[in-house]
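Engineer:
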């Protein structure tokens, strides 16, 4: 019984998914209260787990509940509630609304299991369960765009699953254990004979998870799927799915590969540092050219994943704030991106277009939506006093702190025969502080991103609207965007509670 | 396991698997490619047997050589616009480069690593013992949650198959 208490939030969502599907086929009933009720109960249960300070394993160590899993459970449940409230106009208008609700609950339930997983097999099964539901959701609108999105997501997702599993097979072959603790014990012994295989395995695992997080070079699906999938599904992918992806990466790399203390920590720090720089640069440069808001947000999410990956590199380089930085960033990103996506959903449904130019003069047609969307764009750019600003400062700061703390020593300078000493020292200094370079790239990228985020805001505020009729938006949607905007401002002005929660959650990782 | 028959069978089956995998993309006719793929699957099952993984071998034959290959044949036959030609693709060179590079890396890693090798006496005890009971106990013991969640996965996939192909109701 105690085992089931550990996975109760996930279990509630999975059961509710079955109930919703059953009710949906037995006739036209009201589904939304059931769905929201289950989500609220699961969220309350997760909060209770957190308040009780539960820290336990269940099912033979396959899953565990700790402050880390609770943080993500609350984040994912809150995001799913916001997506369903903000998107209920679209969902309720669909013939397949039962399936949409059911699959969303199943996907969210599997995400909760994923963030609790402590064993390679459990991780894989939970990851695939949440992914399969998302493949279907991406294609559920059944028009050409949506079908293409679903198929592309399915194909890239399958390849990434195969890559991930191959990496897992290597980890198991080396350590003889599927549990993260068993792998950690193998890594802690620092076997030189296993080093190459371990590096290969964790590169494959990072590639497999990289698809989920949409970081370059595993990002190719993101713009097409973000654009083609129904906006409700896109917002779910960009917030909940991304958070779950980063959660499991943190757990696997922090617990399984021994965090910043492991003998291969420098290798994975460099890997994530390079991936972060590539993601930010590619995502932002590609976003500059976009005219479609969903595609723009797709590339923006690749760039933001790069920002978060800076935190992963900091974790590996031995920063004490890296993990909490990632968590804090994900929390603020959820509020910001949900606000933006719900606004886009509401506006696009009324103006019948996803083009940025059709957002012209939105400020005059719906000052409320335009104001909140602008606020969210400012936060995505990272302009004070919004949450996005603090999140970036926090994560970049952790990287700079780690670049000083790192014991990484360069011998590149010593190898440069004939070079004057000051050149050799300079080279060593730069190489040893390479994380600072990544942060410099990140800051330059923030400047690039300001261009396209603020251009969109300018179009909404300054350009002439094609027509002046006011956009009528239901109170529910207005409420959701108001809460998201409140979060963006609150986390920007009074971030302490969220930072404390993130630090508490990060401390539970071991 | 030092039995020369088993060692010989291992290398023979490995040869069959590798050659028929190469043939999959070398032959011109798609249906022939499927046949070679089945041969590769069967060779793989044989390798599993020489490694005393009897259950895996049976599963490999049932699922891959049986079900997956039938599915492939159906996909080839029922796709009306595609011809039966294993046509040239722009991606031949990148594909060969990626596959070759990957195979080289895997081979390097496999050779350079100190694998956890079973000691001689363990090997004697384990070789060619049936593994089904152990697998069953693992599935319903330490891995029971993953086993149960896999059923949620299958349910979601089933729903997806229905939702995505059902005729749209005219509203």
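Chains as they are written, first to last, in this note's numbering: chain U, 1 to 510; chain G, 1001 to 1171. Beta carbons: idealized from backbone N, C-alpha and C, even for Gly.
#1: If we ignore side chains and look at the alpha-carbon of each, how far apart do residue 248(U) and residue 183(U) end up?
#2: What separation, rounded to the nearest whole angstrom, lies between the Cα atoms of residue 501(U) and residue 3(U)?
#3: Nearest to residue 277(U) by CA position, among 51(U), 310(U), 45(U) and 263(U), is which residue?
#4: Under a three-way DSSP split, which group does residue 14(U) fall into?
#5: Got a sec, what are the start and stop residues for the alpha helix (DSSP H) residue 295(U) sits in?
#6: Counting beta carbon pairs with one atom in the region 228-237 of chain U and one in the region 340-347 of chain U, are three or more of them shorter than 8 Å?
#7: Residues of chain U with CB closer than 7 Å to the CB of residue 1172(G), please, in chain order.
#8: Note down the Cα distance separating residue 1100(G) from residue 163(U), rounded to an integer number of angstroms.
#9: Just to confirm the assignment, what range does the beta strand (DSSP E) spanning residue 467(U) have?
#10: According to the neighbour-count rule (16 or more other Cβ atoms, all chains shown, within 10 Å of its Cβ), is residue 111(U) buried or exposed?
#11: How many angstroms separate the CA atom of residue 55(U) from the CA atom of residue 505(U)?
#12: Tell me whether residue 358(U) sits in a helix, a strand or coil according to DSSP, three-state version.
#13: Under 9 Å between beta-carbons, which chain U residues line up against residue 1101(G)? List them in chain order, please.
#14: Counting only beta-carbon separations shorter than 7 Å, does residue 1064(G) have a partner in chain U?
#15: Just checking: is the beta-carbon of residue 1076(G) within a distance shorter than 7 Å of some beta-carbon in chain U?
#16: Should residue 89(U) be flagged as near chain G, meaning a C-beta pair shorter than 7 Å?
#17: Should residue 496(U) be labelled buried (16 or more other beta-carbon atoms within 10 Å of its own) or exposed?
#18: Taking C-beta to C-beta, are residue 49(U) and residue 63(U) nearer than 7 Å?
#19: Kindly indicate which three-state DSSP category residue 117(U) falls into: helix, strand or coil?
#20: Pairing CB atoms from the region 27-43 of chain U with CB atoms from the region 85-105 of chain U, are three or more of them under 8 Å?
#21: Using a Cβ cut-off of 7 Å (strictly closer), state whether residue 129(U) contacts chain G.
#22: Would you mind giving the Cβ-Cβ distance between residue 255(U) and residue 510(U), rounded to the nearest angstrom? I have them listed as a contact below 8 Å.
#23: Once the 5 residues before and after residue 303(U) are set aside, which same chain residues still bring their CB inside 7 Å of it?
#24: Ends of the alpha helix (DSSP H) at residue 195(U)?
#25: Once DSSP output is grouped into helix, strand and coil, what is the label at residue 1003(G)?
#26: Taking residue 1159(G) as the query, report the chain U residues whose CB atoms sit under 9 Å from its CB, ordered along the chain.
#27: Between residue 1036(G) and the rest of its own chain, which residues show a CB-CB distance below 7 Å, the 5 nearest in sequence each way excluded?
#28: Write down the C-beta distance between residue 174(U) and residue 201(U) rounded to the nearest angstrom, noting that I regard them as a contact closer than 8 Å.
#29: When you compare the CB of residue 237(U) with every CB in chain G, is at least one pair closer than 7 Å?
#30: Does the Cβ of residue 121(U) have 16 or more other Cβ atoms within 10 Å, making it buried, or fewer, making it exposed?
#31: Please list, in chain order, the chain U residues whose beta carbon lies closer than 9 Å to that of residue 1070(G).
#32: Could you tell me which chain U residues have their CB closer than 9 Å to the CB of residue 1029(G), listed as they occur along the chain?
#33: Buried or exposed: which applies to residue 116(U), given that a residue is buried once 16 or more other Cβ atoms fall within 10 Å of its Cβ?
#34: At the 7 Å Cβ level, is residue 14(U) part of the contact set with chain G, yes or no?
#35: In whole angstroms, what separates the C-alpha of residue 36(U) from that of residue 1076(G)?
#36: Within 10 angstroms of the Cβ of residue 354(U), are there 16 or more other Cβ atoms? Answer buried if so, exposed if not.
Structural biologist: Working from what's here:
#1: 15 Å
#2: Each residue's alpha carbon lies about 25 Å from the other.
#3: Closest by alpha carbon: 310(U).
#4: Secondary structure at residue 14(U): helix, using DSSP grouped into helix, strand and coil.
#5: 293-316
#6: The region 340-347 of chain U is in contact with the region 228-237 of chain U.
#7: Residue coverage of chain G in this structure runs from 1001 to 1171, which leaves residue 1172(G) outside it and unanswerable.
#8: So the two alpha carbons sit approximately 16 Å from each other.
#9: Membership of residue 467(U) in any beta strand (DSSP E) is not indicated, and neither H nor E is assigned to it by DSSP.
#10: buried
#11: 11 Å
#12: helix
#13: Those within 9 Å of residue 1101(G) in chain U number zero; the least Cβ separation is about 12 Å.
#14: Chain U, which has no Cβ nearer than 7 Å to the Cβ of residue 1064(G), makes this no.
#15: Not a single C-beta of chain U is nearer than 7 Å to the C-beta of residue 1076(G).
#16: no
#17: exposed
#18: When the beta-carbon positions are compared, residue 49(U) and residue 63(U) stay at least 7 Å from each other.
#19: It is a strand residue.
#20: In this structure the region 27-43 of chain U lies against the region 85-105 of chain U, because at least three pairs of beta carbons, one per stretch, are closer than 8 Å.
#21: yes
#22: Confirmed, Cβ separation roughly 7 Å.
#23: The residues are 279, 280, 283, 284, 287, 445 and 449.
#24: 195-213
#25: Looking at residue 1003(G) - three-state DSSP - the assignment turns out to be coil, as it is neither helix nor strand.
#26: 21, 99, 102, 103, 106, 133 and 136
#27: These residues qualify, in order along the chain: 1020, 1023, 1024 and 1027.
#28: 7 Å
#29: no
#30: Only buried fits residue 121(U), as 16 or more other CB atoms lie within 10 angstroms of its CB.
#31: Chain U residues near residue 1070(G): none, gap ~19 Å exceeds 9 Å.
#32: Think of a sphere of 9 Å around the beta carbon of residue 1029(G): no beta carbon from chain U falls inside it, the nearest being about 24 Å out.
#33: With 16 or more Cβ atoms within 10 Å of its Cβ, residue 116(U) is classed as buried.
#34: Residue 14(U) counts as touching chain G.
#35: 44 Å
#36: buried
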